[in-house]
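K.L.:
My questions all concern the structure below.
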Amino acid sequence: MDALTLIREVFAPLAGKAILDIGCGTGTLARALTEDGAAVTGIDPGAEALAKARTLVPSARFEAASAEVLPFGDGQFDGAVMLNSLHHVPDPAKALAEAARVLRPGGRLVVIEPLASGTFFDALKPIEDETAIRAAAQAAIAHAVAKDAFACERDLTVERWESFADSEAFFTRVTAVDPDRARAIRERRDVVEAAFSGAAVRGEDGRFALVQPLRIHVLLPRS
């Protein structure tokens with residue numbers, strides 16, 4: 307099961323549901339959920355990403371905000387998603403608490419996070435080592451469940467495969483998420499090229515494949 311399929315399953319039927327996309331980036335997930343009939347609100351701290359999201363999904367609502375301080379009242383959303391965003395938040399525990407606050411009774415939070423493993427991670431590591439922040443995100447989820455802030459309804463790991471024409475396509479992909487990575491690529495070109503070559507598997511089509519394990523939690527806030 308891929309991440310989008312699971313999100314659709316958790317919130318089905320999506321038509322008319324108020325869904326909050328926390329860390330929406332350029333709006334890819336918001337577009338998919340909007341096409342399914344959801345009323346999507348996205349938040350992100352990045353002005354450039356939000357500008358792209360507004361162009362991509364003009365029918366959705368986008369706000370500049372951090373996950374730790376959501377600009378919404380209590381109980382405004384039927385569901386919330388954090389797709390590859392929790393590990394970028396300086397205080398992931400506070401972000402989880404804020405997500406719970408803005409959900410209506412019975413609303414679910416879906417958190418999808420990359421683990422510090424897999425060949426995609428191996429290729430990314432010399433560009434930006436996310437070992438610590440990825441671990442911190444998982445620890446925050448575990449702590450929230452352990453202290454009974456959430457019931458964990460599902461906890462599963464899936465593999466996301468991506469293929470690239472060459473290393474340059476991979477570098478374009480990872481700098482789109484964080485433009486600051488371009489400097490590391492420039493300064494450590496030989497190292498990052500070697501990491502990509504060592505991690506990627508070349509297929510019969512000539513493209514290079516990398517795999518990233520994703521851990522998915524479906525969380526129900528405790529009232």
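The opening residue of the sequence shown carries number 307 in the numbering used here; numbering runs sequentially from there. Don't be surprised by glycine CBs; every beta carbon is placed ideally from N, CA and C.
1. Enumerate, from N- to C-terminal direction, the unbroken alpha helix (DSSP H) stretches of 4 or more residues contained entirely within the stretch 465-510.
2. With 16 other CB atoms within 10 Å as the buried threshold, where does Arg-492 fall?
3. To the nearest angstrom, report how far apart Ala-371 and Gly-385 are at their CA atoms.
4. Does DSSP put Ala-546 in a helix, in a strand, or in coil?
5. In this structure, does DSSP put Leu-415 in helix, strand or coil?
6. Is it buried or exposed, Gly-331, if we count other Cβ atoms within 10 angstroms and call 16 or more buried?
7. Mind checking Arg-528: buried by the 16 CB within 10 Å criterion, or exposed?
8. Counting only the same chain and skipping the five closest in sequence on each side, list residues whose C-beta sits under 7 Å from that of Asp-461.
9. Whose C-beta lies closer than 8 Å to the C-beta of Glu-465 among residues of the same chain, with five residues either side of it excluded?
10. Pro-351 to His-394, Cα distance in whole Å?
11. Please state if the CB of Ala-490 and the CB of Ile-439 are separated by a distance shorter than 7 Å.
12. Go to Ala-405, then tell me how far its alpha helix (DSSP H) extends in each direction, as first and last residue.
13. Measure the C-alpha to C-alpha separation of Gly-343 and Ala-321 and round it to an integer number of angstroms.
P.N.:
So, from the data block:
1. Here the runs fully enclosed are 473-483, 487-493, 495-505.
2. Indexing the sequence shown from 1 puts residue 492 at position 186. Result: exposed.
3. Within the sequence shown, residue 371 is the residue found at index 65, counting from 1. Within the sequence shown, residue 385 is the residue found at index 79, counting from 1. Each residue's Cα considered, the two are about 18 Å apart.
4. Given a span of 307 to 529 for the chain in the structure shown, any question on residue 546 remains unanswerable.
5. Locating residue 415 in the sequence shown gives position 109, counting from the first residue. Of the three classes helix, strand and coil, the one that applies to Leu-415 here is strand, per DSSP.
6. Counting from 1 along the sequence shown, the entry for residue 331 is found at position 25. By the neighbour-count rule (16 or more Cβ atoms within 10 Å), Gly-331 is buried.
7. Residue 528 sits at position 222 when you count from the first residue of the sequence shown. It is exposed - the Cβ of Arg-528 has fewer than 16 other Cβ atoms within 10 Å.
8. Counting from 1 along the sequence shown, the entry for residue 461 is found at position 155. Hits under 7 Å: His-523.
9. In the sequence shown, residue 465 corresponds to position 159, counting from 1. Result list for Glu-465: Gly-424, Val-517, Gln-518, Pro-519, Leu-520, in chain order.
10. For this step, residue 351 is matched to residue 45 along the sequence shown. For this step, residue 394 is matched to residue 88 along the sequence shown. Approximately 11 Å between the Cα atoms of the pair.
11. What you label residue 439 is simply residue 133 of the sequence shown in a count that begins at 1. What you label residue 490 is simply residue 184 of the sequence shown in a count that begins at 1. No, they are not a contact pair.
12. Residue numbering aside, residue 405 sits at position 99 when the sequence shown is read from its first letter. Note, Ala-405: alpha helix (DSSP H), 398-407.
13. Here the question's residue 343 lines up with position 37 in the sequence shown. Here the question's residue 321 lines up with position 15 in the sequence shown. When rounded, the distance between both Cα atoms is 4 Å.
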